[in-house]
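A quick write-up on the structure given underneath.
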Amino acid sequence: MRTAFSLASICVLAWLAPALAADKPDPVADQKAFQNFFIKKFPKVKYEDFVNGPYSMDEGLHRQWEEKEQFPPYEFAVETGKEMFATPFKNGKTYGDCFANKGIGVRQNYPTFDEKEGKVITLELALNRCREANGEAPYSYLKDEMASLTAYMAFTSRGQKMDIRIPSDPRALEAYENGKRYFYTRRGQLNFSCATCHVQSPGEHIRAEILAPALGIMNAMPIYRSEWSGMGTTSRRFLTCNSQTRAVPLEPQSDEYRDLEYYLSYVANGLPISGPGARP
Amino acid sequence: MSLSSDRHSMTRRLVLQGAGAVALFGLGNIPFAPALAAANDKYPEDAFKQKSDADAIKALYGKTAEASDKVKLDAPEIAENGAVVPIAVTTTLTEVSSISFLVSENPNALAASYVIPAGTVPAVANRLKMAKTCNVIAIVESGGKLYSATKEVKVTVGGCGG
Amino acid sequence: MASTIRVRATNNGDTTEVQALIQHPMDSGFIKDAQGQIIPAHFIQQLSFEYNGKSVFLANWGAAVSKDPYVKFAFKGGAKGDELKISWVDNKGATDSTTAKIQ
Amino acid sequence: MSATMSVTRNIALAVVLVLAIAMPALAASEADFKAAFAAAEAAEKQADQLRNKWTTTETQLAAAKKAAAAGDFDAATAAAKEAEALAQASIFQATSEKERWKDMEIR
Numbered sequence: 001m002r003t004a005f006s007l008a009s010i011c012v013l014a015w016l017a018p019a020l021a022a023d024k025p026d027p028v029a030d031q032k033a034f035q036n037f038f039i040k041k042f043p044k045v046k047y048e049d050f051v052n053g054p055y056s057m058d059e060g061l062h063r064q065w066e067e068k069e070q071f072p073p074y075e076f077a078v079e080t081g082k083e084m085f086a087t088p089f090k091n092g093k094t095y096g097d098c099f100a101n102k103g104i105g106v107r108q109n110y111p112t113f114d115e116k117e118g119k120v121i122t123l124e125l126a127l128n129r130c131r132e133a134n135g136e137a138p139y140s141y142l143k144d145e146m147a148s149l150t151a152y153m154a155f156t157s158r159g160q161k162m163d164i165r166i167p168s169d170p171r172a173l174e175a176y177e178n179g180k181r182y183f184y185t186r187r188g189q190l191n192f193s194c195a196t197c198h199v200q201s202p203g204e205h206i207r208a209e210i211l212a213p214a215l216g217i218m219n220a221m222p223i224y225r226s227e228w229s230g231m232g233t234t235s236r237r238f239l240t241c242n243s244q245t246r247a248v249p250l251e252p253q254s255d256e257y258r259d260l261e262y263y264l265s266y267v268a269n270g271l272p273i274s275g276p277g278a279r280p
Numbered sequence: 281m282s283l284s285s286d287r288h289s290m291t292r293r294l295v296l297q298g299a300g301a302v303a304l305f306g307l308g309n310i311p312f313a314p315a316l317a318a319a320n321d322k323y324p325e326d327a328f329k330q331k332s333d334a335d336a337i338k339a340l341y342g343k344t345a346e347a348s349d350k351v352k353l354d355a356p357e358i359a360e361n362g363a364v365v366p367i368a369v370t371t372t373l374t375e376v377s378s379i380s381f382l383v384s385e386n387p388n389a390l391a392a393s394y395v396i397p398a399g400t401v402p403a404v405a406n407r408l409k410m411a412k413t414c415n416v417i418a419i420v421e422s423g424g425k426l427y428s429a430t431k432e433v434k435v436t437v438g439g440c441g442g
Numbered sequence: 443m444a445s446t447i448r449v450r451a452t453n454n455g456d457t458t459e460v461q462a463l464i465q466h467p468m469d470s471g472f473i474k475d476a477q478g479q480i481i482p483a484h485f486i487q488q489l490s491f492e493y494n495g496k497s498v499f500l501a502n503w504g505a506a507v508s509k510d511p512y513v514k515f516a517f518k519g520g521a522k523g524d525e526l527k528i529s530w531v532d533n534k535g536a537t538d539s540t541t542a543k544i545q
Numbered sequence: 546m547s548a549t550m551s552v553t554r555n556i557a558l559a560v561v562l563v564l565a566i567a568m569p570a571l572a573a574s575e576a577d578f579k580a581a582f583a584a585a586e587a588a589e590k591q592a593d594q595l596r597n598k599w600t601t602t603e604t605q606l607a608a609a610k611k612a613a614a615a616g617d618f619d620a621a622t623a624a625a626k627e628a629e630a631l632a633q634a635s636i637f638q639a640t641s642e643k644e645r646w647k648d649m650e651i652r
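Line by line, the protein sequences are chains D, F, B and U.
Residues in the first sequence are numbered from 1 upward in steps of one, following the numbering used here.
Residues in the second sequence are numbered from 281 upward in steps of one, following the numbering used here.
Residues in the third sequence are numbered from 443 upward in steps of one, following the numbering used here.
Residues in the fourth sequence are numbered from 546 upward in steps of one, following the numbering used here.
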């Protein structure tokens with residue numbers, strides 16, 4: 001009855017109607033409703049183009065993006081990442097030893113849920129844990145080394161569909177719900193939530209930038225932003241979004257951010273990985 | 281580069297009001313370190329120091345350009361970010377020996393100047409910085425005469441960042 | 443240290459199209475850093491491309507060229523397997539050069 | 546999420562802010578400053594527990610400390626009061642959003 005309900009309802013009506021669903025979270029229905037909302041809101045945008053953020057919202061931007069994609073500025077990050085993958089740690093092991101399939105073409109399965117630890121493991125966290133497990137110091141989650149590693153891993157997964165799984169472990173469902181709550185909760189003195197910008201007004205301007213739709217927003221990570229004239233990891237993007245609403249950012253890879261990435265990636269299941277991405 | 285949020289939002293506001301951009305450039309024209317003489321063609325040091333596009337063109341070519349529809353300038357209506365503005369030029373003119381790009385309201389108008397030897401296709405694409413909304417001018421030297429195309433490019437986020 | 447110059451040169455019969463992306467800060471000399479100090483001008487001034495010992499393209503750049511600069515041009519001739527020689531010098535006198543095979 | 550709901554909430558936030566700042570600004574002594582600063586820090590600590598601090602609260606706290614160090618207790622107390630108001634507003638925001646976030650959820 002729930003899926004029929006969400007399919008039949010017009011998106012605006014469904015949005016305002018009080019939640020009939022029992023309190024038990026239903027990620028499958030969430031994901032359908034989430035994707036339907038954006039597909040209805042932007043009928044002219046091709047399904048897989050949602051991963052191109054602002055570039056699928058504005059023709060002028062799209063042309064500039066195509067121009068940049070001929071020889072994109074994140075090219076250096078991918079190559080540095082490839083070199084890092086090939087350089088063994090002091091103990092002779094490499095990043096490939098920490099990941100399935102040597103870390104090639106696996107990005108679309110991250111974040112995963114670790115049932116031993118009972119927590120979400122994001123790609124950035126897994127990379128630092130791999131370093132620590134091999135006696136190396138962890139990298140900053142905001143700086144270029146982490147961006148190069150995730151850029152290379154994303155590059156090897158390009159085109160693969162996002163494939164995030166929520167195991168039947170109740171803690172996984174709770175992490176998913178925490179991520180969803182964080183996404184919709186207003187914060188900072190400007191009193192914005194992620195949804196205020198990326199659900200209510202994608203395609204519109206906020207100051208000088210055109211807002212990306214929330215659907216597929218993780219698929220392009222990490223991104224080279226002209227604004228930063230450098231690479232940015234998912235962690236850096238979450239922290240800067242916080243400070244732009246005048247909320248004090250939390251520690252990178254805090255549980256809130258891990259759950260948020262879990263939720264945002266799960267609802268984008270089925271959309272292709274397009275990282276690393278170039279952005280305004 | 282520490283990313284303290286106050287500096288970040290403060291700079292963005294300043295840049296957006298344009299005040300910051302003006303204040304920065306009010307520092308006057310910082311003399312460039314004298315460039316080492318390049319192996320072959322000489323670097324047009326003086327042209328790159330000129331403020332206005334007219335002075336830069338005069339310093340570079342010693343003559344003025346006339347607008348021509350044979351020079352096709354490809355630049356965006358609104359730059360996504362002033363730091364990376366994709367600009368390209370193609371021309372049907374022949375015997376092209378030089379192509380230059382000028383950004384009229386940058387502190388120094390001349391952005392780039394290319395020597396086009398015989399046998400090279402008269403077309404160039406590059407990515408330039410623009411301080412604010414202004415005219416982008418492409419100059420093509422063909423058969424010893426100068427032809428130009430001009431287009432206004434709107435810039436919302438100043439390209440010189442900070 | 444790997445070269446700072448990335449080049450893609452492709453030949454399609456009579457012309458060779460060349461794209462280059464160079465890793466360089468291209469500081470304009472107008473920016474202040476976090477402590478309010480001016481970051482001194484540091485940008486590539488000349489970038490040259492040679493084929494068979496002859497210059498096919500010479501770029502004179504000012505401070506307004508974007509960070510990690512990109513340029514695209516084409517020249518008549520060239521053949522698959524031939525080599526292009528690329529080199530740059532910046533206003534501090536630093537240089538880098540590389541060669542690239544035409545695909 | 547309908548506009549009326551967000552307007553009422555913003556008014557509530559504004560009221561909390563105005564109330565705190567409107568306090569009479571007599572020549573503040575060091576003791577006044579210490580009291581105001583302690584209250585502000587306590588509120589900010591609570592906001593921290595709710596993982597919902599605002600950057601503007603932090604700037605005001607720093608401004609208060611700086612003014613106090615320079616001996617200007619009037620400015621220091623005013624900044625401390627402003628910091629407390631902002632901290633209270635961020636606490637109000639965190640608690641009111643506990644359920645309210647569902648209004649915006651896509652279903």
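Backbone N, C-alpha and C fix where the C-beta goes; we use that ideal spot for every residue, glycine too.
Computed from a prediction, not measured in an experiment: that's the story for all the values here.
- Between the beta-carbon of F/VAL404 and that of B/VAL513 there is about 7 Å, and that keeps the pair under the 8 Å contact cut.
- Under the Cβ distance rule, U/THR640 does not count among the residues neighbouring chain D, no pair being separated by less than 8 Å.
- The DSSP-derived three-state label of B/ASN502 is strand.
- B/GLY535 places its beta carbon 8 Å or farther from that of B/ALA505.
- Using a C-beta cut-off of 8 Å, the segment 34-49 of chain D makes contact with the segment 210-220 of chain D, since at least three inter-stretch Cβ pairs fall below that distance.
- Looking at the backbone, the Cα of D/GLY188 and that of U/GLN638 are separated by about 9 Å.
- Secondary structure in the segment 153-236 of chain D: the beta strand (DSSP E) runs of 3 residues or longer, each lying completely within the stretch, are 223-225, 230-232 in chain order.
- Taken through DSSP and simplified to helix, strand or coil, F/ASN361 comes out as coil.
- At a cut-off of 8 Å between beta-carbon atoms, D/GLU256 makes contact with chain U.
- F/ALA389 is positioned such that its CB atom lies closer than 8 Å to that of F/ASP333.
- Secondary structure at D/TYR110: coil, using DSSP grouped into helix, strand and coil.
- Between F/ALA355 and F/VAL365, the gap from beta carbon to beta carbon is short of 8 Å.
- Looking from the CA of B/GLU492, the closest CA among B/GLY455, B/PHE485, B/ASP456, B/ALA516 belongs to B/ALA516.
- Considering only D/PHE50, D/TYR139, D/PRO167, D/PRO272, the residue with the shortest C-alpha distance to D/GLY159 is D/PRO272.
- Residue contact with chain B for F/VAL364: present (Cβ-Cβ distance below 8 Å to some residue of chain B).
- Within the segment 489-509 of chain B, contact with chain F at the beta-carbon level (separation under 8 Å) is assigned to SER490, LYS496, SER497, VAL498, PHE499, LEU500, ALA501, ASN502, TRP503, GLY504, ALA505, ALA506, VAL507, SER508, LYS509.
- Taken through DSSP and simplified to helix, strand or coil, F/LYS434 comes out as strand.
- Secondary structure at F/VAL420: strand, using DSSP grouped into helix, strand and coil.
- Among the CB atoms of chain B, none fall inside 8 Å of the CB of D/PRO88.
- By the CB criterion at 8 Å, D/GLY105 and D/THR156 fall inside the cutoff.
- For B/ASN453, the pairing in a beta bridge is given by DSSP as B/THR458.
- The C-beta distance from F/LEU382 to F/PRO402 rounds to 17 Å, too long to fall under 8 Å, and the pair is not in contact.
- Here the alpha carbon of F/ASN386 sits roughly 17 Å from the alpha carbon of B/ILE480.
- F/SER393 belongs to the set of residues whose beta carbon lies under 8 Å from a beta carbon in chain B.
- Counting only the Cα atoms, D/GLY60 lies some 48 Å from U/LYS610.
- Contact between the segment 625-645 of chain U and the segment 588-595 of chain U is established, with three or more Cβ pairs separated by less than 8 Å.
- Between D/ALA175 and D/VAL120, the beta carbon gap of about 5 Å places them in contact (Cβ cut-off 8 Å).
- Close partners of F/THR436 in chain D (Cβ separation under 9 Å): HIS205, ARG207, ALA208, GLU209.
- Within the segment 583-606 of chain U, those residues whose Cβ lies closer than 7 Å to any Cβ of chain D are, in chain order, ARG596, ASN597, LYS598, TRP599, THR600, THR601, GLU603.
- Cβ atoms of D/PRO280 and D/PRO54 come within 8 Å of each other, at about 6 Å.
- Buried is the label assigned to U/GLN633, since at least 16 other Cβ atoms lie within 10 Å of its Cβ.
- In this chain, the beta strand (DSSP E) harbouring B/THR540 covers 537-543.
- Distance from U/ALA612 to U/ALA620 at the Cβ level is roughly 4 Å; contact confirmed, criterion being Cβ atoms closer than 8 Å.
- In terms of Cβ geometry, D/ALA154 and U/MET649 do not form a close pair [threshold 8 Å].
- Below 8 Å, too few C-beta pairs join the segment 238-250 of chain D and the segment 87-94 of chain D to call them touching: fewer than three.
- For the segment 223-249 of chain D, the beta-carbon criterion of a distance under 7 Å to any beta-carbon of chain B is satisfied by SER229.
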